[in-house]
Amino acid sequence: MSSIRQADSEIWNALQAERGRQVDGLELIASENYTSAAIMEAAGTVLTNKYAEGYPGRRYYGGCENVDVIENIARDRARELFGAEHANVQPHAGSQANMAVFMSVLKPGDTILAMDLAHGGHLTHGMHLNFSGKLYKTAHYGVREDDHLIDFDQVAALAQEHKPKLIIAGASAYPREIDHAKFAEIAASVGAMLMVDMAHYSGLVAAGIHNSPVPVADFVTSTSHKTLRGPRSGFVLCRSEHAAGVDRSVFPGIQGGPLMHVVAAKAICFGEALQPDFRAYGEQIVENARVLAETLLQGGLRLVSGGTDNHLMMCDVTTVGLSGKIAEHALDAAGITVNKNMIPYDQRKPMDPSGIRIGTAALTTRGMKQDEMKKVGSWILNVLAKHDDPASIQAARAEIAEFAGNYPVPGIG
Ligand code: PLP
Numbered sequence: 006m007s008s009i010r011q012a013d014s015e016i017w018n019a020l021q022a023e024r025g026r027q028v029d030g031l032e033l034i035a036s037e038n039y040t041s042a043a044i045m046e047a048a049g050t051v052l053t054n055k056y057a058e059g060y061p062g063r064r065y066y067g068g069c070e071n072v073d074v075i076e077n078i079a080r081d082r083a084r085e086l087f088g089a090e091h092a093n094v095q096p097h098a099g100s101q102a103n104m105a106v107f108m109s110v111l112k113p114g115d116t117i118l119a120m121d122l123a124h125g126g127h128l129t130h131g132m133h134l135n136f137s138g139k140l141y142k143t144a145h146y147g148v149r150e151d152d153h154l155i156d157f158d159q160v161a162a163l164a165q166e167h168k169p170k171l172i173i174a175g176a177s178a179y180p181r182e183i184d185h186a187k188f189a190e191i192a193a194s195v196g197a198m199l200m201v202d203m204a205h206y207s208g209l210v211a212a213g214i215h216n217s218p219v220p221v222a223d224f225v226t227s228t229s230h231k232t233l234r235g236p237r238s239g240f241v242l243c244r245s246e247h248a249a250g251v252d253r254s255v256f257p258g259i260q261g262g263p264l265m266h267v268v269a270a271k272a273i274c275f276g277e278a279l280q281p282d283f284r285a286y287g288e289q290i291v292e293n294a295r296v297l298a299e300t301l302l303q304g305g306l307r308l309v310s311g312g313t314d315n316h317l318m319m320c321d322v323t324t325v326g327l328s329g330k331i332a333e334h335a336l337d338a339a340g341i342t343v344n345k346n347m348i349p350y351d352q353r354k355p356m357d358p359s360g361i362r363i364g365t366a367a368l369t370t371r372g373m374k375q376d377e378m379k380k381v382g383s384w385i386l387n388v389l390a391k392h393d394d395p396a397s398i399q400a401a402r403a404e405i406a407e408f409a410g411n412y413p414v415p416g417i418g
C-alpha cells in the first residue's frame, strides 16, 4: 500500500478514510461483507495485468498457462461447493451473470416473470430502466399484503397468463427462505425455464443452511461478495446441457477478457466456503439476524413479514415517526451503515421510502454474536429515537467506534 501513498496522495487519503470507516463503524448493509486477507490480496496481484479471452485450454491470447490453472480451480471449487454440473466464473458482477443467462435463452421481446423491485426484487429482474426491462417483456409477482410472503398463487396465475419463457426467483430484499422447488413446479407447469438469482443468500446455501436451488433450477446466478464473503463479482451455475450456451453468452456474448485477479479471488472464496467452519459462520449470520430482529421488534419497529430467517431484515421506520432517508442519515452519522429501502406496498417514494434494510453478514465476520447484536439493536433504536439531537448522535458514534475496535476486520485490523 505504501506505493499508493507515494504515487497518488488523493487516492491514498480517500482510501485511508474508507479504511477507518470500515473499522470504526458498524457495517449493516445486507449486500456487503469483509473478505479475508487472502481474497483481498489476490484481487491486487499481477493477475490484473493479464488478458485471457476465452476459456482454459481455448484462449485467444498467449501466456495463459497460469491463469488456466487458476480458472480451472475456481470452476472446480464452485461446482463442488454447490453440487453443480457446470460453473462459469467469469461474469464481472451479478448483473453480468444475469445478463449472460438471459442472453443464452431469451430473444428480445420474450417474456420473463420475476419479483417486483418494489417488493424486494433486483434491477436486473425486469426493472423498466434496466436492460432487462428494456429488452424483455416483464410480468412481476410480489408478496402478499397481509404476511409479506411470496404469493405463490399469484406467481402461478401470472405464469399461466403470460406464459413466460423464463421465471426468475431470488431477491435483494426478501427476509425469508425461498421455496425453490415451488418455483420449479410452477415453471414446469407452463413449460418455462427457471433461473434462481441467489446473490444475497448464496453463502447460506453454501453453508447448507438454506435449501439449494441447484437441483431444481435450470440456471443459478450469484454474486460472490455478499453472504458468500468473496470479492465483488459474479458467477453462473447450470446443468451440462446449458454449459456451452452460458459460456458463449458470457464470452464472446457480453464480456471480453475476464478479470483474472478477481477469478483468483473467487477461487479462494470458494475454497474458504468449502471449509467446515463456513457452516458455523452461516449459522451465526442467521442467529445474529434473528436476535437483532427481535431487539428491533421489541423497540417498536415493524419488520416486513414480522422477522427474518436469513441474513437480512426490512424495517419499517415510519412506526417510529421517521422515513428511510432520515433513518439512514441519522444512523450514518453515528457510524452505523444501512440503506434506505422501499418496503412492500410502500406509499412513499424510492428516494425517501418507509424502510431501511439491515443485514448481519459483515458484523458476523468480525466475530460478533448474539450479545453484540442486542447492543447493536439498542444503538439503532437509540439513534433513531434521538435522530435530531446531534450531541446524542456524537456520543453514540464515539461509543460505537470504541466497541467496534474490539472486533478486528480481516486483513485490516
Ligand atoms: N442479483 C441480486 C439479487 C442482487 O441483490 C444484486 C446486487 O445487489 C445483483 C443481482 C447484482 O449484483 P452486482 O451489483 O454485482 O451487479
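Going left to right, the sequence shown walks through residues 6 to 418 as the numbering used here numbers them.
Every residue gets a Cβ at the ideal spot worked out from N, C-alpha and C, and that includes glycine.
Residue burial is scored here from C-beta neighbours: residue 14 has fewer than 16 other C-beta atoms within 10 angstroms and is therefore classed as exposed.
Using a Cβ distance threshold of 8 Å, residue 28 and residue 367 do not count as a contacting pair. A Cβ-Cβ contact shorter than 8 Å links residue 385 with residue 341. Taken atom to atom, the span from the alpha-carbon of residue 172 to that of residue 406 is near 45 Å. For the set 81, 147, 161, the Cα lying nearest the Cα of residue 90 is the one of 81. Where residue 87 is concerned, the enclosing alpha helix (DSSP H) starts and stops at 70-87. Sequence-distant partners of residue 401 (beyond 5 residues in either direction) whose C-beta falls short of 7 Å from its own C-beta, in its chain, are 339, 384, 387, 388. When 118, 261, 36, 336 are compared, the shortest CA-CA separation from residue 203 is found for 36. In this structure, DSSP gives residue 174 an extended state, which the three-state scheme calls strand. Closer than 7 Å to some heavy atom of ligand 1: that describes the Cβ of residue 205. The Cβ atoms of residue 293 and residue 374 lie closer than 8 Å to each other. Taken atom to atom, the span from the alpha-carbon of residue 62 to that of residue 266 is near 18 Å.
Residues of the same chain with a CB within less than 7 Å of the CB of residue 298, apart from the 5 flanking positions on each side, are 308, 312, 313, 318 in chain order.
Around the beta carbon of residue 357, a 10 Å sphere encloses fewer than 16 other beta carbons of the protein chains shown; the residue is thus reported as exposed. Taking residue 324 as the centre and dropping the five residues before and after it, the same chain places the C-beta of 305, 306, 307 closer than 7 Å to its C-beta, in chain order. In its chain, beyond the 5 residues on either side, 40, 44, 48, 229, 230, 267, 270, 271, 274 have a beta carbon closer than 7 Å to the beta carbon of residue 236. Counting only residues of its own chain and dropping the five nearest sequence neighbours on each side, residue 50 has a CB closer than 6 Å to the CB of 266.
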